[in-house]
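Engineer: Remember, this note's numbering sits 52 above the position in the sequence shown when you count from 1.
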Amino acid sequence: MTPPLRSVWALALTLSLGAAVSLGITRFAYGLLLPAMRADLGWSYTLAGAMNTANALGYFLGALLTPWLLKRVGASTLLWAGAFLASVFMALSGFFTATEPLLVQRLLAGVASAFVFIAGGLLAARLGAQLPSHSGLLLGLYYGGTGVGIVLSAVLVPWVLELAAAQQHAWRWAWWLLALACVLASAALLWPARVMAQAAVPAAGSPGGAAPVQFRWRQFGFALAGYTLFGMGYIGYMTFVVALLREQGSSALAVTVFYGLLGLAVMASSRIWAGLLDRHKNGHALAKLNALLGVATVLPALTQSWPVVLASGLLFGAVFLSVVASTTALVRHNLPATAWAAGISAFTTVFAAGQIIGPTVVGWIADGPGGLARGLVVSALALWLGAALAWRQKAL
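1. Have a look at L437, I170 and H221 and flag the residue whose alpha-carbon is nearest the alpha-carbon of V347.
2. Go ahead and label P153 buried or exposed: buried means 16 or more other beta carbons lie within 10 angstroms of its beta carbon, across all protein chains shown.
3. Using 10 angstroms around the beta-carbon of P411, count the other beta-carbons present and answer buried if the total reaches 16, otherwise exposed.
4. Could you give the C-beta distance for M284 and G415, rounded to a whole number, given that I count them as a contact under 8 Å?
5. Could you give the residue range of the alpha helix (DSSP H) that holds N386?
6. Run through DSSP, which three-state label would L448 get?
7. Whose C-beta lies closer than 6 Å to the C-beta of Y311 among residues of the same chain, with five residues either side of it excluded?
8. By the three-class DSSP mapping on this structure, what secondary structure does P153 have?
9. Considering only residues of the same chain and omitting the five flanking positions on each side of R444, which have a CB-CB separation below 8 Å?
10. Looking at V73: is its Cβ nearer than 7 Å to the Cβ of A249?
11. For the stretch 183 to 191 and the stretch 136 to 148, state whether three or more C-beta atom pairs, one from each stretch, are separated by less than 8 Å.
12. So A231 and A222 are supposed to be a Cβ contact under 8 Å. How far apart are they, rounded?
13. Quick one: Cα of L179 to Cα of A71, how far?
14. Assuming the contact rule is C-beta atoms closer than 8 Å, L175 and S128 should be a hit. Round their C-beta distance to whole Å, please.
15. Less than 7 Å between the beta carbons of L345 and L435, yes or no?
16. Let me know the secondary structure DSSP gives S462 once reduced to three states.
17. Where does W228 sit, in a helix, a strand or coil, going by DSSP?
18. Considering only their Cβ atoms, is the gap separating S378 from L329 smaller than 7 Å?
19. Within 10 Å of its beta-carbon, does S431 have 16 or more other beta-carbons around it, so buried, or fewer, so exposed?
20. So, using beta-carbon positions, are G201 and L67 closer together than 7 Å?
21. Less than 7 Å separating the beta-carbons of F167 and L130?
22. Please name the residue, chosen from V350, A88 and A239, that lies closest to V209 on a Cα-to-Cα basis.
23. Would the stretch 382 to 389 count as touching the stretch 352 to 360 if we require 3 or more Cβ pairs under 8 Å?
24. Just verifying my parser: in three-state terms, what is the DSSP assignment at D330?
25. Among M319, L63 and F272, which residue has its Cα nearest to the Cα of L366?
26. My output table needs one value for G76: the three-state DSSP class, helix, strand or coil.
27. Going by Cα to Cα distance, which pick from G199, T390, A447 and Q300 is closest to L424?
28. With H, G and I counted as helix, E and B as strand and the rest as coil, what does DSSP make of R268?
29. Between V307, M103 and N107, which has its C-alpha nearest A150's C-alpha?
30. For a minimum of 4 consecutive residues, which ranges assigned as the alpha helix (DSSP H) are wholly contained in the stretch 158 to 210?
31. Taking all protein chains shown into account, do 16 or more other C-beta atoms lie within 10 angstroms of the C-beta of A255, making it buried, or fewer, making it exposed?
32. Is the Cβ-Cβ distance between S374 and L338 less than 7 Å?
33. Count the other C-beta atoms from every protein chain shown that fall within 10 angstroms of the C-beta of G260, then say buried if there are 16 or more, exposed otherwise.
34. Who are the near neighbours of Y289 in its chain, counting only those whose CB is closer than 7 Å to its CB and skipping five residues on each side?
35. Can you look up T412 in the DSSP assignment and give me helix, strand or coil?
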């Protein structure tokens with residue numbers, strides 16, 4: 053029985069708070085805090101990048117654990133429990149100034165955010181299966197929730213940094229305020245988690261007693277390779293673009309406008325690309341979006357023109373979470389519902405592997421000649437190579 057349309061949209065919008073917590077705040081708010089923390093703690097760009105590498109390593113470990121946890125506690129429990137854990141680790145980051153405990157907190161936050169992101173993506177895919185004609189848009193709504201977290205971070209972080217400027221380690225107040233926002237979002241997630249837990253979950257068998265179709269890595273090889281390079285390329289931009297803007301002389305207000313517009317574009321992206329996700333059953337959606345993202349990434353490295361930089365942020369925001377949604381759509385188009393969890397987890401794992409490499413490599417390049425601009429050029433090249441590989445992915 054198909055649920056009422058209004059109920060489905062309400063579930064999808066509330067479910068999107070999982071993406072807001074797991075990526076929008078837990079992952080991407082760090083880019084806004086990086087300049088203040090680097091100046092206060094005397095970090096190199098390599099060490100600053102290593103903080104997000106630790107977060108990505110945690111995400112990778114969480115992605116490996118998620119299939120096992122999904123079988124034991126289910127997607128609904130993993131969603132809300134992971135969100136509350138991520139909130140705790142965000143808060144703990146405000147209590148340390150030494151490098152080692154901060155790296156540990158970023159790693160643990162990454163583990164928890166993987167639980168949230170994969171479980172939420174699986175629930176969004178199941179929700180889309182109830183309304184097949186709107187499945188692309190429902191998936192986009194979930195991933196577009198990341199934009200809510202980005203916009204919230206863009207507003208809260210500069211404000212609290214200015215408010216606490218006279219205090220020692222003013223940036224710690226931003227961690228605590230962001231953690232509070234995560235707690236509130238986690239509480240809201242209890243409703244869709246409870247409703248989705250009561251919905252029917254696809255059985256493990258196949259009609260006629262045939263063996264169930266399984267996810268096989270080799271069949272998705274080109275898409276997985278392209279998505280790995282997406283993880284490497286996009287994270288360099290999200291980690292360092294604010295630091296680059298501050299280096300180029302942008303004010304705190306300009307950074308807030310830039311980051312806020314990027315987040316709003318993420319929120320709008322679900323409608324922009326829904327048709328593309330529904331239409332392509334091969335890797336072409338992933339390839340096209342990766343190529344566009346490379347253009348957005350390279351622009352701030354080529355010019356300081358403010359209209360062009362704003363265009364870069366808008367294009368980046370309008371595209372990058374739809375790349376993530378495109379892999380879930382690829383899994384949904386080519387596999388039965390019983391194999392969706394394994395497919396989404398596999399793509400999340402390679403995504404995390406790419407993110408482990410990206411921030412430290414870009415930071416290391418930024419510490420050398422050419423600085424952050426050269427690091428973003430390398431990120432763009434990774435995205436374009438990923439587009440070329442994803443283009444070769446065929447529908448099963």
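Glycine included, C-beta positions come from ideal geometry on N, C-alpha and C.
Structural biologist: The short version:
1. Along the sequence shown, one-based indexing puts residue 347 at 295. When C-alpha distances from V347 are compared across L437, I170 and H221, the shortest belongs to L437.
2. Here residue 153 refers to the residue found at position 101 of the sequence shown. It is exposed - the Cβ of P153 has fewer than 16 other Cβ atoms within 10 Å.
3. The residue given as residue 411 occupies position 359 in the sequence shown. With 16 or more other Cβ atoms within 10 Å, it is buried.
4. Here residue 284 corresponds to residue number 232 of the sequence shown, with the count starting at 1. Here residue 415 corresponds to residue number 363 of the sequence shown, with the count starting at 1. Going by Cβ atoms, the distance from M284 to G415 rounds to 13 Å, so no, they are not a contact pair.
5. In the sequence shown, counting from the first residue as 1, residue 386 sits at position 334. Per DSSP, the continuous alpha helix (DSSP H) segment holding N386 begins and ends at W358 to N386.
6. Stepping through the sequence shown from its first residue, residue 448 is reached at position 396. In the three-state reduction of the DSSP assignment, L448 falls in the coil class, being assigned neither a helical nor a strand state.
7. Locating residue 311 in the sequence shown gives position 259, counting from the first residue. Closer than 6 Å at the Cβ level, and outside the excluded window around Y311, lie A206.
8. What you label residue 153 is simply residue 101 of the sequence shown in a count that begins at 1. Looking at P153 - three-state DSSP - the assignment turns out to be helix.
9. Here residue 444 refers to the residue found at position 392 when the sequence shown is read from its first residue. Once the five neighbours on either side are set aside, the close Cβ partners of R444 are F274 and G335.
10. For this step, residue 73 is matched to residue 21 along the sequence shown. For this step, residue 249 is matched to residue 197 along the sequence shown. The beta carbons of V73 and A249 sit no closer together than 7 Å.
11. These segments do not touch.
12. Taking the first residue of the sequence shown as 1, we reach residue 231 at position 179. Taking the first residue of the sequence shown as 1, we reach residue 222 at position 170. Wrong, their Cβ atoms sit about 16 Å apart, outside the cutoff.
13. Taking the first residue of the sequence shown as position 1, residue 179 is located at position 127. Taking the first residue of the sequence shown as position 1, residue 71 is located at position 19. In a straight line, the C-alpha of L179 is about 15 Å away from that of A71.
14. Position 123 of the sequence shown, counting from 1, holds the residue named residue 175. Position 76 of the sequence shown, counting from 1, holds the residue named residue 128. Confirmed, about 7 Å.
15. Position 293 of the sequence shown, counted from the first residue, corresponds to residue 345. Position 383 of the sequence shown, counted from the first residue, corresponds to residue 435. Going by C-beta atoms, L345 is nearer than 7 Å to L435.
16. The structure shown has nothing for residue 462, since the chain only spans 53 to 448.
17. As a position in the sequence shown, residue 228 is number 176, starting the count at 1. Looking at W228 - three-state DSSP - the assignment turns out to be helix.
18. Here residue 329 corresponds to residue number 277 of the sequence shown, with the count starting at 1. Here residue 378 corresponds to residue number 326 of the sequence shown, with the count starting at 1. Yes, Cβ-Cβ distance for L329 and S378 is below 7 Å.
19. Position 379 of the sequence shown holds residue 431. Buried.
20. Numbered from its first residue, the sequence shown carries residue 201 at position 149. Numbered from its first residue, the sequence shown carries residue 67 at position 15. Not a contact, by the Cβ cut-off of 7 Å.
21. Along the sequence shown, one-based indexing puts residue 167 at 115. Along the sequence shown, one-based indexing puts residue 130 at 78. Taking 7 Å as the cut-off, the beta carbon of F167 is found closer than this to the beta carbon of L130.
22. Taking the sequence shown and counting its residues from 1, the one referred to as residue 209 is at position 157. Closest by C-alpha distance to V209, out of V350, A88 and A239, is A88.
23. Short answer: they don't touch.
24. For this step, residue 330 is matched to residue 278 along the sequence shown. DSSP, reduced to helix, strand and coil, places D330 within a helical segment of the structure shown.
25. Looking up residue 366 in the sequence shown gives position 314. The shortest C-alpha separation from L366 is found at M319.
26. Residue 76 sits at position 24 when you count from the first residue of the sequence shown. Shown here, G76 sits in a helix according to DSSP, grouped into three states.
27. As a position in the sequence shown, residue 424 is number 372, starting the count at 1. Ranked by how close their Cα comes to the Cα of L424, the residues G199, T390, A447 and Q300 have Q300 in first place.
28. On the sequence shown, position 216 is the one that residue 268 refers to. Three-state DSSP puts R268 in coil, outside helix and strand.
29. Numbered from its first residue, the sequence shown carries residue 150 at position 98. Put simply, of V307, M103 and N107 the residue whose alpha carbon is nearest the alpha carbon of A150 is M103.
30. Within the stretch 158 to 210, no complete alpha helix (DSSP H) segment of 4 residues or longer occurs.
31. Residue mapping note: residue 255 aligns to position 203 of the sequence shown, counting from 1. The predicted position of A255 is uncertain, since its pLDDT is 49 and thus under 50; no value can be drawn from it.
32. Here the question's residue 374 lines up with position 322 in the sequence shown. Here the question's residue 338 lines up with position 286 in the sequence shown. Not in contact: S374 and L338 (Cβ atoms no closer than 7 Å).
33. In the sequence shown, residue 260 corresponds to position 208, counting from 1. Confidence at G260 is low in this model, with a pLDDT of 49, below 50, so the placement of that residue is unreliable and no value is reported for it.
34. One-based indexing of the sequence shown puts residue 289 at position 237. So the list reads T349, F368, L428 and S431, once near-sequence residues are dropped.
35. As a working note, residue 412 is residue 360 in the sequence shown. When secondary structure is reduced to three states using DSSP, T412 falls in the helix class.
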